[in-house]
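Inspection log for the structure reproduced underneath, given as structure tokens.
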Amino acid sequence: MAATRSTGRRERLRAETTAEIKRTALQLMGSGGPDAITLRAIAREMGMTANAIYGYFATRDDLVTALIEDVYTALADAVDAAWAASAKDAPAQRIQAWAHAFRDWALANPEGFRLIYGDPVPGYQAPTGGAAPDAARRVCVGIAALADTAWGSAERSHGDGDFDWDDFDPGLLDKVRPAFPALPPAGVALALRMWGHLHGLVALEVYGHLRAQTLSPDKLFHAELVQLIRSLGLVAERRRG
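Here full-length UniProt numbering is used: the first residue of the sequence shown is 1, the next is one more, and so on.
So, in structure tokens, the structure goes:
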């Protein structure tokens, strides 16, 4: 029994230290950029020796991979939950729910957003298949779902685009086509265009580029979202709060 308690305590302490290492890495990135993530710098911040921290992550790349997997999974969980909570027969509501969940997560986790969508960590080599393949697939499918849910009305204005399957990366199609077999190439193009609208404003906000231009970035985001939804032949809901 004593041995079991001792093992449980060690595992708990290891989990706590691992979580602190990850938090410290993101804090360093927030203050110094991606190249500030080094095991030695993290050890210094935590009052550990460099050798001790190698007991948790053998290489800097191992740590970065773990960070990407954590934050990407958290993002996928957030947008998936918002999508699942919205009414299946209300495409405009579903798009707005997904979009607001994406923005809310990004603003609450700016370092995480920068890690997966911003400047790459210098010298980082992702493992084969990517750092967070499941989360990346879920977010990719979620983006395609935005176009798919609107396609019934959007096809009239967006269905005549000169797109074919050869215009897209095979890896993207491997994720999208099994999930939405009826979505044509023009629909996949629409998904990417919708992603550009949403991601662009969020990235500007996360990186601080809107601060000098507007005191109400939420209004700007909502206006862009409403215009996007109208372009799909749908009616947007009123702005939140």
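Here a beta-carbon is modelled for each residue, glycine too, at the ideal position from N, C-alpha and C. This structure is a prediction, so every number in the text was calculated from the model and none was measured.
In terms of Cβ geometry, Arg60 and Thr38 form a close pair [threshold 8 Å]. When Ala58, Leu232, Lys175, Ala203 are compared, the shortest CA-CA separation from Ala108 is found for Ala203.
Rounded to whole angstroms, the gap between the alpha carbons of Tyr124 and Pro110 is 20 Å. Secondary structure remark: continuous alpha helix (DSSP H) runs of at least 4 residues inside the segment 67-139, in chain order: 91-108, 110-117. Counting only residues of its own chain and dropping the five nearest sequence neighbours on each side, Tyr56 has a CB closer than 7 Å to the CB of Thr17, Thr18, Ile21. With 16 or more other Cβ atoms from the protein chains shown falling within 10 Å of its own Cβ, Trp105 counts as buried.
Cβ contact annotation for Leu172 (same chain, cutoff 8 Å, sequence separation greater than five): Cys140, Val188, in chain order. Judged by beta-carbon spacing, Ala36 lies beyond the 8 Å limit of Ala43, meaning their Cβ atoms are not closer than that value. Distances from the CA of Ala150 to each of Glu45, Pro217, Ser231 were compared; the closest alpha carbon is that of Ser231.
With fewer than 16 other beta carbons inside 10 angstroms of its own, Asp164 counts as exposed. Tyr72 is a Cβ neighbour of Ala132, given a cutoff of 8 Å.
When rounded, the separation of the alpha-carbon atoms in Gln96 and Ala144 is 14 Å. Distance check between Gly152 and each of Ala182, Ala136, Leu63, Gly47 places Ala182 closest, using alpha-carbon atoms only.
Here Glu11 is exposed. Its C-beta has fewer than 16 other C-beta atoms within 10 Å.
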